[in-house]
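Peer 1: Below you'll find the structure I mean.
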C-alpha cells in the first residue's frame, strides 16, 4: 500500500537558521501533499500544502517543493524562530485518504 | 468560523469497557474523518465519511470499533470492548472537499 517516509526524525537548529524536512512517497498517483505542525498536546495544524500540478509553493518563511519524478517533497523553513519548535508531519493523498509520515521533531534553540 | 469540535478531550477507562467519542465538523464540510494517533507517530485513518456514507472503512477494526454519522453532520466513534492497545489520541477531521483537512483537538484515550 501507500507509504510515506519522512526524514530526519529529529532536527535541531539555531534560531535564524533554515530547516529542511524531506518526505518520499510510494504511490505515483498521489496528487496532494500537505504539511502539518503539531505542538505538544495540540491538534495538527495545516501550515502549507501543494498539489501535483505545482513544483513549488511559498508562504512567508515556509516553502514546499515537489519532485514528482523522484516522488519526494520537502518543507523549507527559513529564519527559524523558537515558536517553530514542534513536530512536523508530511502527508500524501490521491483520493482524500491522507497517508502520514512518521513526523520530525524540530527544536529551534534561541 | 468555529473549528472541528471533539468531546471528551480526555477519557480513562478500564479494559473491556465501552467508550464513545463525538465530533462536530466545521459547518458545511461534507467529508469527515476519524484518525488514530499513537504516541510518536503520524495519524492513521480509521474511517472516512462523505455526508452520511462511509466511503472508506478499510482500516477500521470492525470487531470492536463502530462509527456513525447520522444526518451527515456530527459523528460518533465507539469502541466496545476497549483493549489496552487502544490507548491513543483519536482525531476527527473535516474537509470541504476530499483533500484539505482540518483537525479537531482530539480525544486522548487511556485504557487501564
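Protein chains in written order, with our numbering: chain A, 554 to 663; chain B, 734 to 845. We treat Cβ as the ideally placed atom computed from N, Cα and C, and that holds for glycine.
#1: Throw me the rounded Cβ distance for the residue 836(B) and residue 738(B) pair, which I believe falls under 8 Å.
#2: Tell me which residues of the region 740 to 758 of chain B have at least one Cβ-Cβ distance to chain A shorter than 8 Å, keeping chain order.
#3: Check whether the region 741 to 749 of chain B and the region 798 to 808 of chain B are in contact - that is, three or more C-beta pairs closer than 8 Å.
#4: To test your reading of the DSSP string, which unbroken alpha helix (DSSP H) runs of 4 or more residues are found completely within the region 748 to 772 of chain B?
#5: Is residue 833(B) close to chain A? Criterion is C-beta to C-beta, closer than 8 Å.
#6: Residue 796(B) by DSSP, collapsed to three states: which one?
#7: Using CA coordinates, which residue listed in 771(B), 745(B) and 760(B) is at the minimum distance from residue 826(B)?
#8: Does the distance from the CB of residue 809(B) to the CB of residue 782(B) come in under 8 Å?
#9: Just how far apart, CA to CA, sit residue 754(B) and residue 735(B)?
#10: Mind checking whether residue 604(A) and residue 632(A) have CB atoms under 8 Å apart?
#11: Which bits of chain A does residue 764(B) rub up against, with CB to CB less than 7 Å?
#12: Along the region 778 to 800 of chain B, where does the CB come closer than 7 Å to a CB of chain A? Name the residues.
#13: Please go through the same chain and pick out, in chain order, the residues whose beta-carbon is closer than 6 Å to the beta-carbon of residue 597(A), but skip the five residues on each side of it.
#14: Name the chain B residues that come within less than 9 Å of residue 578(A), Cβ to Cβ?
#15: Under 9 Å Cβ-Cβ, which residues of chain A neighbour residue 813(B)?
#16: May I ask which residues mark the beginning and end of the beta strand (DSSP E) holding residue 786(B)?
#17: What is the DSSP secondary structure of residue 635(A), counted as helix, strand or coil?
#18: Is the shortest distance between the beta-carbon of residue 776(B) and the beta-carbons of chain A less than 8 Å?
#19: According to DSSP, is residue 804(B) part of a helix, a strand, or is it coil?
#20: Is the region 766 to 773 of chain B in contact with the region 807 to 823 of chain B, if contact means three or more CB pairs nearer than 8 Å?
Peer 2: For this structure:
#1: About 11 Å separates the CB atoms of residue 836(B) and residue 738(B); that is not less than 8 Å, and the two are not in contact.
#2: From the region 740 to 758 of chain B, no residue has a Cβ closer than 8 Å to chain A.
#3: Not touching, per the Cβ criterion.
#4: Taking only runs of at least 4 residues, no alpha helix (DSSP H) segment lies wholly in the region 748 to 772 of chain B.
#5: Yes, its Cβ sits closer than 8 Å to a Cβ of chain A.
#6: Coil, per DSSP.
#7: Answer by Cα proximity: 760(B).
#8: Not in contact: residue 809(B) and residue 782(B) (Cβ atoms no closer than 8 Å).
#9: Answer to the nearest angstrom: the Cα atoms are 19 Å apart.
#10: The beta carbons of residue 604(A) and residue 632(A) sit no closer together than 8 Å.
#11: The CB of residue 764(B) comes closer than 7 Å to the CB of 649 in chain A, given here in chain order.
#12: Flagged, chain order: 778, 781 and 789.
#13: Around residue 597(A), the same chain offers 589 and 591 as residues with beta carbons nearer than 6 Å, after the five sequence neighbours per side are excluded.
#14: For residue 578(A), no chain B residue has a Cβ inside 9 Å of its Cβ, as the nearest lies near 13 Å away.
#15: Result: empty, since nearest Cβ-Cβ is about 25 Å, beyond 9 Å.
#16: Counting along the chain, the beta strand (DSSP E) containing residue 786(B) begins and ends at 786 to 789.
#17: Under the three-state reduction of DSSP output, residue 635(A) falls in the helix class.
#18: Yes - at least one Cβ of chain A is within 8 Å of the one on residue 776(B).
#19: Three-state result, residue 804(B): helix.
#20: The region 766 to 773 of chain B makes contact with the region 807 to 823 of chain B, as at least three CB pairs between them are under 8 Å.
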